[in-house]
Amino acid sequence: MSAVLPGLIASALLLVPSLTARETATLRLLGAGYDNHTIARRLSVSERTVKRHVSAVLGKLGLTSRLQAGLVSMVTTLVGAEGICRGARPFCVPAAGE
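With this note's numbering applied, the sequence shown corresponds to residues 929 to 1026, in that order.
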């Protein structure tokens, strides 16, 4: 599994821009370790809505667990919008044109 995980995370990072604003917010809160109840309170939505957002995030990013989504969330905080790596070296996403 450990050999597959970096590739899975790298692939998911390329798909993060396809998330809606609410899905992105959900992803960030997953990365912070919040449960559905807390995410619902923070986003002012129902837990059912959060479950739908989590499912959408996992599906769009090709992930199978909240843990994987949390890892993607943590890595995205280390990678700038231009793809410049800030300490996330096996997970760096190259900037366009590199």
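Idealized CB from N, CA, C, for every residue including glycine.
Element boundaries [alpha helix (DSSP H), containing residue i]
{"i": "residue 968", "result": "964-971"}
Residue i (DSSP reduced to helix, strand or coil)
{"i": "residue 993", "result": "coil"}
{"i": "residue 952", "result": "helix"}
{"i": "residue 974", "result": "coil"}
{"i": "residue 960", "result": "coil"}
{"i": "residue 945", "result": "helix"}
Beta-carbon proximity check, residue i vs residue j, cutoff 7 Å
{"i": "residue 938", "j": "residue 989", "result": "no"}
{"i": "residue 998", "j": "residue 959", "result": "yes"}
{"i": "residue 955", "j": "residue 993", "result": "no"}
{"i": "residue 944", "j": "residue 1005", "result": "no"}
{"i": "residue 975", "j": "residue 984", "result": "no"}
*At least 3 beta-carbon pairs within less than 8 Å: the region 969-980 vs the region 939-949*: No, because fewer than three Cβ pairs between the region 969-980 and the region 939-949 fall closer than 8 Å, the two stretches do not touch.
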